[in-house]
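Residue numbers (the working numbering): 68 to 346. Don't be surprised by glycine CBs; every beta carbon is placed ideally from N, CA and C.
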Ligand SMILES: NC(=O)c1ccc[n+]([C@@H]2O[C@H](COP(=O)([O-])OP(=O)(O)OC[C@H]3O[C@@H](n4cnc5c(N)ncnc54)[C@H](O)[C@@H]3O)[C@@H](O)[C@H]2O)c1
């Protein structure tokens with residue numbers, strides 16, 4: 068796929084990695100339809116990019132709602148023509164031991180991180196197949212490649228994204244070779260993921276659920292992470308090179324995965340002391 072041509076759609080584009088992906092696409096000369104559940108922050112981000120000469124449109128959408136994702140696809144096609152590149156990037160995080168996760172929290176994570184990705188695929192893939200070309204990239208996480216304590220619900224949803232994208236990529240290679248896929252699995256990136264997510268978390272009684280110490284620790288850990296614009300540039304370069312696995316933190320990734328696979332061959336659980344954040 069040649070990212071230098073055509074129109075891209077990015078969900079969760081009002082901030083963080085999504086905005087980094089938008090900036091990388093704009094730098095390559097693409098037109099971008101930016102989408103996010105937060106219409107106010109989305110319009111602000113889009114206006115700033117337009118002021119710099121970027122060819123961007125803003126279309127708010129909650130990825131949990133299939134009809135809103137359909138409306139996004141129609142608006143994107145209207146503005147920019149056929150969509151060549153879809154980034155299913157919108158996501159929410161939750162850092163909390165399992166006994167403290169409410170049913171509503173699990174549901175929110177599944178609906179945004181998994182159903183949101185499925186809605187993107189179901190909506191945009193048919194037109195890509197019809198036009199004979201396209202690329203779908205979904206944002207998973209390093210937590211989607213190895214289970215993470217206190218990020219269990221999050222990690223589970225990101226494993227689902229990895230499995231969906233890997234299977235889809237193979238299916239497309241076999242049945243529709245013009246369509247390619249990738250999965251973005253970053254380690255820590257300096258975004259406000261924990262703060263933006265906590266706005267959406269509710270307890271089992273439907274009340275906003277207080278974020279605990281663990282979320283603050285994870286937010287602090289992310290703040291020392293990679294610049295989201297750098298993640299956007301690396302992702303786009305990987306897509307241009309034909310990569311499936313987009314791994315902005317390769318050293319960290321294989322420090323975790325290599326011993327995990329060795330332990331797996333012996334049927335053992337791998338527990339990395341550095342990986343379990345200090346409590
Ligand atoms: N920050 C990290 O360290 C990190 C690491 C690995 C993966 N990720 C993943 O990267 C993606 C982007 O997160 P980020 O870190 O840039 O955080 P972020 O909070 O800056 O971006 C997430 C965006 O998604 C939007 N969003 C939330 N729910 C939505 C919904 N239902 N519909 C549409 N938009 C919605 C939010 O408004 C926000 O703008 C997420 O999928 C996240 O899981 C982040």
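From residue i to residue j, what does the alpha carbon distance come to, in whole angstroms?
| i | j | result |
| --- | --- | --- |
| residue 266 | residue 333 | 42 angstroms |
| residue 132 | residue 76 | 16 angstroms |
| residue 94 | residue 336 | 43 angstroms |
| residue 185 | residue 235 | 11 angstroms |
| residue 159 | residue 264 | 5 angstroms |
| residue 154 | residue 241 | 22 angstroms |
| residue 173 | residue 162 | 12 angstroms |
| residue 330 | residue 317 | 20 angstroms |
| residue 280 | residue 157 | 24 angstroms |
| residue 253 | residue 319 | 10 angstroms |
| residue 141 | residue 148 | 10 angstroms |
| residue 100 | residue 315 | 24 angstroms |
| residue 255 | residue 328 | 22 angstroms |
| residue 324 | residue 218 | 17 angstroms |
| residue 203 | residue 308 | 14 angstroms |
| residue 138 | residue 98 | 18 angstroms |
Just checking residue i against ligand 1 - is the residue's beta carbon closer than 8 angstroms to any of the ligand's heavy atoms?
| i | result |
| --- | --- |
| residue 80 | yes |
| residue 209 | yes |
| residue 90 | no |
| residue 84 | yes |
| residue 142 | no |
| residue 260 | yes |
| residue 291 | no |
| residue 130 | yes |
| residue 206 | yes |
| residue 263 | yes |
| residue 222 | no |
| residue 102 | yes |
| residue 158 | yes |
Under 7 angstroms Cβ to Cβ from residue i, same chain only, skipping five residues before and after it: list those, please.
| i | result |
| --- | --- |
| residue 86 | 80, 112, 295 |
| residue 228 | 180, 181, 184, 205, 207, 211, 250 |
| residue 305 | 249, 313 |
| residue 108 | 81, 82 |
Leaving aside the five residues before and after residue i along the sequence, list all residues of the same chain whose C-beta is less than 6 angstroms from its C-beta, in chain order.
| i | result |
| --- | --- |
| residue 201 | 151, 195, 246 |
| residue 283 | none |
| residue 311 | 236, 249 |
| residue 300 | 91 |
| residue 298 | 84, 87, 253, 256, 315 |
| residue 104 | 129 |
Quick check: is any heavy atom of ligand 3 less than 8 angstroms from the C-beta of residue i?
| i | result |
| --- | --- |
| residue 181 | Looking at this structure, you won't find ligand 3 anywhere; what it does contain is ligand 1. |
Closer than 9 angstroms, CB to CB, is residue i near chain B or not?
| i | result |
| --- | --- |
| residue 208 | Although the question refers to chain B, the structure presented lacks it and comprises just one protein chain. |
_Every unbroken beta strand (DSSP E) inside the segment 125-156 [3 residues or more]_ = Complete beta strand (DSSP E) runs here, min 3: 150-155.
*Tell me, please, whether the segment 289-302 touches the segment 184-200 by the rule of three or more beta-carbon pairs shorter than 8 angstroms.*
The count of Cβ pairs closer than 8 angstroms, one atom from the segment 289-302 and one from the segment 184-200, stays below three, leaving the stretches out of contact.
*Between the segment 168-178 and the segment 215-225, do at least 3 Cβ pairs fall closer than 8 angstroms?*
Contact holds between the segment 168-178 and the segment 215-225, because three or more Cβ pairs, one in each stretch, are under 8 angstroms apart.
*Would you mind listing the alpha helix (DSSP H) stretches within the segment 223-295 that are 4+ residues and don't spill past its ends, in chain order?*
Those alpha helix (DSSP H) runs which fall completely within the segment 223-295 and span 4+ residues are 260-265, 280-290.
*Does the count of Cβ pairs from the segment 161-170 and the segment 121-128 closer than 8 angstroms reach three?*
Segments in contact, no.
*What residue ranges within the segment 151-226 form continuous alpha helix (DSSP H) runs of no fewer than 4 residues, ordered along the chain?*
Assignment of alpha helix (DSSP H) within the segment 151-226, counting only whole runs of 4 or more residues, yields 170-176, 183-198 in chain order.
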